[in-house]
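This report concerns only the one structure given below.
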Amino acid sequence: MDTPPSVPVAHVLIANPVVNLRQGLRYVARLLGCSVIEAGTREEVHAQLVTTPDIVIVDAELGALDVCRQIKNDALRSHTVILVTTLLTTPEDATPFLAAGAEACIERPIDMAVFRRAFEQALEAVTARRHQG
Numbered sequence: 000m001d002t003p004p005s006v007p008v009a010h011v012l013i014a015n016p017v018v019n020l021r022q023g024l025r026y027v028a029r030l031l032g033c034s035v036i037e038a039g040t041r042e043e044v045h046a047q048l049v050t051t052p053d054i055v056i057v058d059a060e061l062g063a064l065d066v067c068r069q070i071k072n073d074a075l076r077s078h079t080v081i082l083v084t085t086l087l088t089t090p091e092d093a094t095p096f097l098a099a100g101a102e103a104c105i106e107r108p109i110d111m112a113v114f115r116r117a118f119e120q121a122l123e124a125v126t127a128r129r130h131q132g
């Protein structure tokens, strides 16, 4: 197993009401060198946003649309990369989240290989933004 760097690659907020799912997402994020904080309720999500994470992974059940709008309308946090987990019955179901500022929607139940690819792309976006200034 890879040893995470002493300085996190990114700070990540994982907001999901399902403990076991948070654990799986946390495992991937930490494996890729990130520090992780978690939230299981809407109240916890909003409380944790003050930590200004680089990446937010938020489930639709925890108010993902509101979280996207709140982050993207705040100049100090607008750089945050947002991934939304949600039940998608059609591809168009992702449209409101993407329009509100999410980088990607990940369909539940979550395929961890799909999640890892989306998360790696989020990390690339964070790294690119840091290098731009």
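Quick note on numbering: numbering that gives the first Met the number 0 labels position 38 of the sequence shown as 37, and the sequence is numbered without any gaps.
The beta carbon of each residue, even a glycine, is placed where N, CA and C say it ideally should be.
Neighbourhood of GLU15 by C-beta, 6 Å cutoff - its chain only, sequence neighbours within 5 removed: Note that residue 15 corresponds to Asn in the displayed sequence, not to Glu. Same-chain partners within the cutoff: ARG21, ASP58.
If you reduce the DSSP assignment to three classes, tell me which class GLU102 lands in. coil
Between the stretch 55–73 and the stretch 100–109, are three or more C-beta pairs nearer than 8 Å? yes
To the nearest whole angstrom, what separates the beta carbons of VAL35 and ILE13, a pair I think is in contact under 8 Å? 6 Å
If you draw a straight line from the C-alpha of ILE56 to the C-alpha of HIS130, how long is it? 22 Å
Nearest-angstrom Cα separation, counted from THR40 out to VAL18: 11 Å
What do you reckon, are the CB atoms on LEU24 and PHE114 nearer than 8 Å? yes
Residue closest to ARG29, alpha-carbon to alpha-carbon, out of GLU60, ARG76, VAL8: VAL8
How far does the beta strand (DSSP E) with ILE70 in it reach, from first residue to last? Note, ILE70: premise wrong, no beta strand (DSSP E); alpha helix (DSSP H) at 63–71.
Close beta carbons around GLU123, own chain, < 6 Å, minus the five adjacent residues each side: none
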